[in-house]
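Note that this note's numbering has the sequence shown beginning at 4, numbered continuously upward.
Every residue gets a Cβ at the ideal spot worked out from N, C-alpha and C, and that includes glycine.
Just below is one structure, and these are the notes that go with it.
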Amino acid sequence: MPFVLSVVLPGATDQPGVPVADAGTGMSHPSAPPLYDDKNPLYPPPPGGYPQPPHYAGGYPQPGGYPAGAGYAQPGAHPAPGGYPHPGMAMPTMPMRFGDNGLGDGSAFQSVDWDDRKVRHAFIRKVYAIISLQLLVTVGIICVFTFVQPVQSFVRRNVAIYYASYAVFLVTYLVLACCQGPRRRFPWNIILLSIFTLAMGLMTGTIASMHQTKAVLIAMLITAIVAIVVTIFCFQTKVDFTSCPGLFCVLGIVLMVTGIITAIVLSFKYVPWLHMLYAAIGAIAFTLFLAYDTQLVLGNRKNTLSPEEYVYGALTIYTDIIYIFTFILQLVGRD
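The following block contains the structure:
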């Protein structure tokens with residue numbers, strides 16, 4: 004067998020990546036792959052002129068011994084021109100399309116208007132159908148507690164009905180308002196909303212039984228007019244109440260603090276003008292809340308409810324209407 008002699012250059016074994024000449028073939032081959040921190044690598048630098056990442060001593064080896072793929076930006080460098088940016092965490096202010104994956108095709112014009120209108124109109128019809136049933140049940144309870152004398156007398160003697168209803172109302176409201184799972188899962192969302200409506204109806208009926216029948220009817224009429232006017236206004240106006248949620252948050256805090264102060268003062272001594280002032284502030288505040296929640300349901304605003312949140316939309320609008328009624332009842336039924 005013929006022997007092939009190879010000439011090893013001095014220092015070749017000490018410098019990986021330096022070519023070694025083969026005496027038999029006259030060709031050269033690298034004795035070892037170049038180091039990543041070599042000052043003169045065999046591979047040309049990636050195009051684009053972006054700086055290479057600094058060398059870290061004791062870094063992790065390349066997985067499987069494969070060289071880094073060409074064309075991909077190194078860690079810490081800017082992405083190559085024309086590449087796709089990394090996905091962000093920003094939440095969309097408008098609901099995604101239903102019927103597709105919601106990602107779109109990246110084109111400037113997409114045929115989503117008719118689909119979104121159909122979904123939004125179906126959502127609005129569902130929300131207001133639920134609100135209509137809630138108000139029908141509540142009005143029925145108020146009428147029974149107001150016009151049926153034995154029931155009115157029983158409720159007036161047993162104030163514990165109000166506090167028990169308030170406890171159920173508070174628990175179901177917090178579950179529906181704060182927990183997305185029960186609020187979206189059928190039939191638990193309908194069951195919780197039904198319990199909430201019954202508790203709210205018993206509370207409102209108990210409050211109405213403490214006032215005269217005439218005052219209750221006037222308060223119901225004024226509340227109906229306010230709700231209809233606010234709804235029509237939200238359909239027609241260009242004013243976007245949903246663009247300032249912080250203002251409504253401050254308004255809610257002010258109303259809560261005012262209510263606590265009023266309750267403390269009235270527990271020691273009844274001050275009629277303070278009670279009327281609080282009732283007026285509450286009626287105005289919840290009228291603004293009604294406009295805000297109505298625009299969340301109607302859509303085409305900066306902030307909009309998802310079509311899956313029909314229970315939450317019905318919950319907020321129904322609660323606003325009931326609170327408007329109770330505050331107006333305190334104003335007109337002060338005698």
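Taking the CA atoms as reference points, I263 sits about 20 Å from L250. With a beta-carbon spacing of about 7 Å, A230 and L293 fall inside the 8 Å limit used to define contacts.
The three-state secondary structure of Q215, taken from DSSP, is coil. With a cut-off of 8 Å on Cβ pairs, the stretch 187-204 is in contact with the stretch 310-325, counting three or more such pairs. With a 10 Å radius around the Cβ and a threshold of 16 neighbouring Cβ atoms, Y281 comes out buried.
Leaving aside the five residues that flank I320 on each side, the residues in its chain whose CB is nearer than 6 Å to its CB run, in chain order, I134 and D296. Straight through space, the alpha carbons of R123 and N303 are spaced by roughly 10 Å.
The beta carbons of V268 and L277 sit about 6 Å from each other, so the pair counts as a contact at 8 Å.
In this structure D243 is exposed. Its beta-carbon is surrounded by fewer than 16 other beta-carbon atoms within 10 angstroms. The alpha-carbon of T216 is positioned some 13 Å away from that of T209. Nearest to L205 by alpha-carbon distance, out of I325, I284 and I144, is I144. A residue is called buried when at least 16 other Cβ atoms come within 10 angstroms of its Cβ; T322 meets this threshold and is buried. Exposed is the label assigned to G184, since fewer than 16 other Cβ atoms lie within 10 Å of its Cβ. I235 counts as exposed, since fewer than 16 other C-beta atoms from the protein chains shown sit within 10 angstroms of its C-beta. About 11 Å separates the CB atoms of I327 and T207; that is not less than 8 Å, and the two are not in contact.
In this structure, F199 is the residue among S270, I225 and F199 with its C-alpha nearest to the C-alpha of S168. In this structure, N306 sits near T245, with a CB-CB distance shorter than 8 Å. Here the alpha carbons of R120 and F172 stand approximately 34 Å from one another.
In this structure T226 is in contact with I331, their Cβ atoms being roughly 6 Å apart against a cut-off of 8 Å.
By the neighbour-count definition (other C-beta atoms within 10 Å, threshold 16), M279 is an exposed residue. Cβ contact annotation for Q155 (same chain, cutoff 8 Å, sequence separation greater than five): F148, T149 and S212, in chain order.
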